[in-house]
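K.L.:
Numbering-wise, the sequence shown is residues 11 to 257 according to my numbering. Glycine is no exception: its CB is placed at the ideal position from the N, C-alpha and C atoms. Next up is a structure, given as structure tokens.
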Amino acid sequence: MTYRYVKAPPGYILAFPLSLGKKLRYGISLVFITLGIATFTTVAYPLVSYQLNFAPQFQKSSLVSPLTTSPIQQVKADNSPTFVGEVVNTSFDYTDSTNWFAGDSKSKEGSVYALYTLSIPKLGIKNAVVRSDHTDLKQSLIQYPGTALPGNLGNTVIFGHSVLPQFFNPTNYLTIFSTLHTLRPGDIIDIEADGATFTYKISEMYEAAPDDLSPLAQTYDGRYLTMITCTPPGTYLRRLIIKAYIL
Numbered sequence: 011m012t013y014r015y016v017k018a019p020p021g022y023i024l025a026f027p028l029s030l031g032k033k034l035r036y037g038i039s040l041v042f043i044t045l046g047i048a049t050f051t052t053v054a055y056p057l058v059s060y061q062l063n064f065a066p067q068f069q070k071s072s073l074v075s076p077l078t079t080s081p082i083q084q085v086k087a088d089n090s091p092t093f094v095g096e097v098v099n100t101s102f103d104y105t106d107s108t109n110w111f112a113g114d115s116k117s118k119e120g121s122v123y124a125l126y127t128l129s130i131p132k133l134g135i136k137n138a139v140v141r142s143d144h145t146d147l148k149q150s151l152i153q154y155p156g157t158a159l160p161g162n163l164g165n166t167v168i169f170g171h172s173v174l175p176q177f178f179n180p181t182n183y184l185t186i187f188s189t190l191h192t193l194r195p196g197d198i199i200d201i202e203a204d205g206a207t208f209t210y211k212i213s214e215m216y217e218a219a220p221d222d223l224s225p226l227a228q229t230y231d232g233r234y235l236t237m238i239t240c241t242p243p244g245t246y247l248r249r250l251i252i253k254a255y256i257l
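Here is the structure:
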């Protein structure tokens with residue numbers, strides 16, 4: 011058998027066919043790279059978008075003190091709970107509202123049992139149940155014990171869980187407050203309790219540090235509503251505070 015040498019034309023690159031094993035490894039690597047990019051984008055984009063588009067609007071001036079020394083305010087430094095600020099590297103279950111506070115020594119004895127519904131038309135939230143007899147945010151929204159009942163003088167404080175906004179479902183209590191940051195002053199919140207409907211209008215939205223207890227304060231010069239969730243959505247770094255007053 012004779013062989014002959016044929017010189018390739020200029021610029022020609024000799025390519026050897028890939029073996030099945032190399033093709034398989036290449037395909038698996040491509041799949042993992044694609045999944046990694048997709049996962050990073052899914053998590054990072056909402057957080058970056060929130061920081062750029064929403065967080066600047068929720069900053070309160072450091073010159074304004076959130077608490078006054080008025081005797082009608084019931085949050086006291088000596089026995090008030092403290093927000094847990096850091097979730098990284100902890101084992102806290104933040105679907106349990108008691109874990110939003112460290113060393114919560116506030117007695118629930120004497121608290122009036124609350125059971126009513128909350129609706130936020132702009133977000134498609136309709137008749138979400140609010141309760142005060144348990145602390146599981148997977149089951150319902152939670153009214154903080156000792157705060158005013160809807161329609162009464164004082165401040166009704168309601169907690170709700172949030173996750174990344176793309177997983178928002180208005181009927182799932184794990185995700186129900188995930189788009190709370192898209193509300194604006196002037197938006198309406200309806201509460202139905204004891205056969206009556208109470209309509210609140212949002213007056214203020216801001217972020218609070220995890221150790222800021224002022225959102226829990228009770229003032230009796232009006233009928234107020236405060237909704238609280240963690241922010242940025244999907245994290246436990248700060249608290250989003252939404253204040254409203256009754257119409």
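Thinking L147 and Y183 are a contact (beta carbons under 8 Å), I'd like their distance in whole angstroms, please.
P.N.:
By 1-based counting over the sequence shown, the position of residue 147 is 137. By 1-based counting over the sequence shown, the position of residue 183 is 173. With a Cβ gap of about 6 Å, L147 and Y183 count as contacting.
K.L.:
Alpha carbon to alpha carbon, how far is P131 from R35?
P.N.:
As a first step, residue 131 must be located in the sequence shown, where it is residue number 121. As a first step, residue 35 must be located in the sequence shown, where it is residue number 25. Answer to the nearest angstrom: the Cα atoms are 51 Å apart.
K.L.:
Express the C-alpha separation of L174 and Y210 in angstroms, rounding to a whole number.
P.N.:
Mapped onto the sequence shown, residue 210 falls at position 200. Mapped onto the sequence shown, residue 174 falls at position 164. Rounded to whole angstroms, Y210 to L174 spans 26 Å at the Cα level.
K.L.:
Which two residues bound the contiguous beta strand (DSSP E) that contains S129?
P.N.:
Sequence index remark: in the sequence shown, residue 129 carries index 119 (1-based). Segment L125 to I130, the beta strand (DSSP E) holding S129.
K.L.:
Taking the CB atoms as reference points, tell me whether I198 and M237 lie closer together than 9 Å.
P.N.:
By one-based count along the sequence shown, residue 198 stands at place 188. By one-based count along the sequence shown, residue 237 stands at place 227. Result no, Cβ atoms of I198 and M237 do not sit closer than 9 Å.
K.L.:
Cutting at 6 Å between CB atoms, please list the residues of its own chain near L151, excluding the five before and the five after it.
P.N.:
Walking along the sequence shown from the start, residue 151 turns up at place 141. For L151, where only same-chain residues beyond five positions count, the Cβ hits under 6 Å are A138, V140, I168 and G170.
K.L.:
Just mark S115 as buried or exposed, buried being the case when its beta carbon has 16 or more other beta carbons within 10 Å.
P.N.:
To locate residue 115, count along the sequence shown from 1; it is residue 105. In this prediction, S115 scores a pLDDT of 45, lower than 50, which makes its location untrustworthy; the coordinate-derived value is nonetheless stated afterwards. Answer is exposed; the Cβ neighbour count stays below 16.
K.L.:
DSSP on T185, reduced to helix/strand/coil?
P.N.:
Taking the sequence shown and counting its residues from 1, the one referred to as residue 185 is at position 175. Reduced to three states, the DSSP call for T185 is coil.
K.L.:
Under 9 Å between the Cβ atoms of P180 and I135?
P.N.:
Locating residue 180 in the sequence shown gives position 170, counting from the first residue. Locating residue 135 in the sequence shown gives position 125, counting from the first residue. The answer is yes: Cβ separation under 9 Å.
K.L.:
Within a Cβ cutoff of 7 Å, which residues of the same chain sit near P195, ignoring the five residues on either side of it in sequence?
P.N.:
Walking along the sequence shown from the start, residue 195 turns up at place 185. Closer than 7 Å at the Cβ level, and outside the excluded window around P195, lie I212, S213, E214 and M215.
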